[in-house]
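Here the numbering used here is used: the first residue of the sequence shown is 56, the next is one more, and so on.
For each residue, glycine too, the CB sits at the ideal point set by N, CA and C.
A quick write-up on the structure given underneath.
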Amino acid sequence: MNPIFERGPSLRLRLVFALLLSVCLMVVDRYTDSSTQIRSYLTAAASPLIYIASLPQVILTGASEQFMSHQRLLAENDVLRERLLQQSGKLQRLEFLQQENNKLRELLGSAPVAEGQRLVAEVLAVYSHPFSHQIVLNKGSNDGVTEFQPLIDELGILGQVVSVGPTSSRALLITDTTHGISLRIERTGVSVVAEGLGQWDRIRLVHLPHSIDIQQGDRLVTSGLDGRFPEGYPVARVSQIQRDVSQPFMQVHAEPFAQLDRIRYVLLLWPQVEQVMQEEEH
């Protein structure tokens with residue numbers, strides 16, 4: 056009967072045997088060349104095992120690098136998107152400032168008739184109650200603004216100042232129902248009077264006899280006869296003529312050149328020194 060567990064060599068003897076075998080292998084490896092070939096065979100045989108053992112680490116390292124690269128790309132994308140929005144905002148602001156600059160340049164160059172003092176003012180508020188069109192400017196008596204001073208934009212006459220404070224003033228537009236202005240038909244030189252109707256795009260010529268020479272499309276400019284507006288500034292263009300012989304006067308409407316419903320900046324005019332001296336002499 057064979058025993059289930061047989062006693063082998065003792066652990067001490069096994070250790071001694073392993074040490075002797077190791078010393079022998081080291082001596083053989085040191086003084087012979089055959090071990091080099093054996094090592095190469097063993098390395099080749101163990102390479103798949105080494106690759107398989109290192110494969111999880113390679114996969115984890117690659118996934119980590121790819122994740123970090125993806126995160127870096129997302130962060131760079133966010134930075135670029137923010138820069139794009141900032142540049143877009145700056146570009147829009149630049150376009151706005153360029154438009155404002157062009158408007159101011161046109162405004163400063165829009166007074167070829169009078170060579171007196173000029174002042175640019177900004178509109179602070181617009182009062183467009185029914186039949187009443189008025190604006191508030193950011194310039195007042197501290198800036199030399201006076202009552203009845205004319206104001207224009209880059210296209211034509213806007214109105215005149217009616218009330219002045221130290222740092223602001225209020226102006227009446229030509230479309231206000233209480234405003235009147237003396238004009239001249241540029242084609243014929245005939246003087247006419249226009250008044251506001253409370254509409255942004257229309258004024259009315261009053262007391263025109265049927266015999267007057269006026270046509271649709273005629274250009275109306277200031278005549279200077281009212282003593283408020285300098286002569287020669289564009290005001291409106293005749294847009295509608297109604298001739299009714301049963302009425303004593305014609306009904307003539309004109310469309311203002313100035314963009315009265317979108318005013319942002321205005322130009323305040325002062326009469327020439329010579330003109331002021333002539334008025335004082337008279």
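#1: Going by the CB atoms, is the gap between I190 and V200 shorter than 7 Å?
#2: Quick check: the Cα distance between E209 and L322, rounded to an integer number of angstroms?
#3: Can you tell me whether DSSP reads S266 as helix, strand or coil?
#4: Since E250 contacts D273 with CB under 8 Å, what's their CB separation in whole angstroms?
#5: Spatial neighbours of S65 within its chain, please: C-beta separation below 6 Å, excluding the five flanking residues on both sides.
#6: Helix, strand or coil: which one does DSSP assign to Q154?
#7: Hey, would you say R283 sits closer than 7 Å to Q215, going by beta carbons?
#8: In the DSSP output, which residue or residues are listed as bridge partners for G294?
#9: Evaluate F312 with the Cβ neighbour count: other Cβ atoms within 10 Å of its Cβ, from every protein chain shown; 16 or more gives buried, anything less gives exposed.
#10: Going by DSSP, what residue range makes up the beta strand (DSSP E) through P311?
#11: Would you identify the three-state DSSP class for H188, choosing helix, strand or coil?
#12: With DSSP as the reference, label L280 as helix, strand or coil.
#13: The beta strand (DSSP E) that contains P205, what's its start and end?
#14: Can you have a look at G244 and say buried or exposed, based on whether 16 or more other CB atoms are within 10 angstroms of its CB?
#15: Please report how far the alpha carbon of G220 lies from the alpha carbon of Q204, in whole angstroms.
#16: Just confirm the distance between the C-beta atoms of V192 and S224, as a whole number of angstroms; I'd bet it's less than 8 Å.
#17: So, is the C-beta of L179 closer than 7 Å to a C-beta in chain D?
#18: Going by other Cβ atoms of all chains shown within 10 Å of its Cβ, with 16 needed for buried, is D231 buried or exposed?
#19: Report the three-state DSSP secondary structure of I240 (helix, strand or coil).
The short version:
#1: No, Cβ-Cβ distance for V200 and I190 is not below 7 Å.
#2: 8 Å
#3: coil
#4: About 17 Å; that fails the 8 Å criterion.
#5: Counting only Cβ-Cβ distances below 6 Å, and skipping sequence neighbours, we find nothing.
#6: Three-state DSSP puts Q154 in a helix.
#7: yes
#8: For clarity, residue 294 is Ser in the given sequence; the question names Gly instead. Beta-bridge partners of S294 (DSSP): none assigned.
#9: buried
#10: M305 to P311
#11: strand
#12: coil
#13: P205 to I207
#14: exposed
#15: 14 Å
#16: Strictly speaking, residue 192 in this sequence is Leu, with Val absent from that position. Yes, they are in contact, since the Cβ atoms of L192 and S224 sit about 5 Å apart, within 8 Å.
#17: Annotation note: the requested chain D is absent from the structure, which comprises a single protein chain.
#18: That one is buried.
#19: strand
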